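In the working numbering, the protein residues as written are 746 to 1064.
No residue lacks a Cβ here, since even glycine has one placed at the ideal position from N, Cα and C.
Keep in mind it's a predicted model, so treat the numbers as computed, not measured.
Here it is in structure tokens:
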């Protein structure tokens, strides 16, 4: 029986144990028993990653339910032009946010066909009763068990749930990118203009239930908040230091030679490269520095995205 939630929990625990063992081994590099323990735990983590990838591949499809209510949504129907417009806004947002997750860079120009194929977004039709729209997409995990659509949806629901909290909103705007944020603004403003209320539900592969309720007041508040936030990539910075943490959730921390800790994210496309690093190892790496700003208050915060690693056979991302 497939139990993705259990496998994820086992993998998280094993990854934490591996990080602890690597840290201990760094303090005693000539301890052969410690070296064997690290190798054994690393093999166990690899095995769990393969198991997770297989389980998610068997799941196959993610289903998102969008319930709409309002004068334009009656008896399970929507005006065709309104439905088409909403579908376009949803697709453009998910493509932009997923591209940011996948590559760590803002999407430029038309979205790549490979990205569209990987997500496999489809309109599942309208259900009877209240106007219920079903959107499906491919789980499509990579070899490490990471699903691009799953991670994009998790970020989206987190943004919707926490948009009133300044720090949380800035972090999620950085995660979906400036283009993704603008596409989300277009979607929310379309709902607002059509005087539609919306609830969105998704059951994740680990059986967690994500739900967001957007009544008229909430949609108006979300629109106002998103219009105030801007994310602009400033420059590329070179950081040298020691790897302090490598997270399965796409986070890495480096104790820089300047005395500060660089907390950064890395895109899905770099998971395999980052896995070749170890806690306690010296590294020289390039990061994109992005400033997220509240245009209403002028408050801003810098975020870092891993771009390239000075390490044998680890290429930089394309610009």
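- The alpha carbon of residue 954 has as its nearest neighbour, out of 774, 848, 899 and 818, the alpha carbon of 899.
- Residues of the same chain with a CB within less than 6 Å of the CB of residue 806, apart from the 5 flanking positions on each side, are 881 in chain order.
- Boundaries for residue 1040: no beta strand (DSSP E) harbours it, and the DSSP string shows neither H nor E there.
- Excluding its 5 nearest sequence neighbours in each direction, residue 915 has C-beta neighbours in its own chain below 6 Å: 1037 and 1046, listed in chain order.
- Partner residues in the beta bridge of residue 1008, as assigned by DSSP, are 998.
- Between residue 845 and residue 920, the CB-CB gap stays under 8 Å.
- With respect to residue 1024, residue 767 sits close: the two C-beta atoms are nearer than 8 Å.
- For the pair of segments examined, the segment 793-808 was found to touch the segment 884-899: the number of CB pairs separated by less than 8 Å reaches three.
- Counted as a single uninterrupted DSSP element, the stretch harbouring residue 856 is not any beta strand (DSSP E), since DSSP gives it neither H nor E.
- Judged by DSSP secondary structure, residue 786 falls outside any beta strand (DSSP E) and instead within the alpha helix (DSSP H) spanning 777-804.
- Each of 821, 754, 892 and 925 was checked against the Cα of residue 972, and the nearest Cα belongs to 925.
- Under the DSSP assignment, residue 876 falls outside any alpha helix (DSSP H), being part of the beta strand (DSSP E) whose first and last residues are 876-883.
- By a beta-carbon distance limit of 8 Å, residue 796 does not contact residue 833. Their separation comes to about 38 Å.
- Inter-segment contact for the segment 809-820 and the segment 925-940 is present: three or more beta-carbon pairs are separated by less than 8 Å.
- Under the 10 Å beta carbon count, residue 849 is surrounded by 16 or more other beta carbons and is classified as buried.
- Excluding residues up to 5 positions away in sequence, 1034 lie with their Cβ nearer than 6 Å to the Cβ of residue 980 in the same chain.
- In the three-state reduction of the DSSP assignment, residue 910 falls in the coil class.
- For residue 993, there is no enclosing beta strand (DSSP E), as DSSP marks it with neither H nor E.
- Here residue 922 carries a helix assignment [DSSP, helix/strand/coil].
- The beta strand (DSSP E) runs of length 3 or more contained entirely in the segment 914-987 are, from start to end of the chain, 942-948 and 954-959.
- In the displayed model, residue 1024 falls within coil according to three-state DSSP, outside both helix and strand.
- Taking the C-beta atoms as reference points, residue 770 is found nearer than 8 Å to residue 780.
- Of the candidates 928, 910 and 978, the residue whose Cα lies closest to the Cα of residue 856 is 928.
- The beta carbons of residue 821 and residue 876 sit closer together than 8 Å.
- Counting of Cβ neighbours within 10 angstroms places residue 776 among the exposed residues, the total staying below 16.
- Under the three-state reduction of DSSP output, residue 1031 falls in the strand class.
- Nearest neighbour of residue 978 by Cα position, chosen from 1014, 918, 952 and 934, turns out to be 918.
- One thing to note: residue 1000 has its Cβ no nearer than 8 Å to the Cβ of residue 1030.
- In the DSSP assignment, residue 1013 forms no beta bridge with any residue.
- DSSP places residue 764 in the uninterrupted alpha helix (DSSP H) bounded by 749-772.
- Per DSSP, the continuous alpha helix (DSSP H) segment holding residue 847 begins and ends at 825-848.
- A residue is called buried when at least 16 other Cβ atoms come within 10 angstroms of its Cβ; residue 824 does not meet this threshold and is exposed.
- Measuring C-alpha to C-alpha distances from residue 930 to each of 947, 1008 and 975 identifies 975 as the nearest.
- Annotation: residue 911 to residue 784 spans about 42 Å, alpha carbon to alpha carbon.
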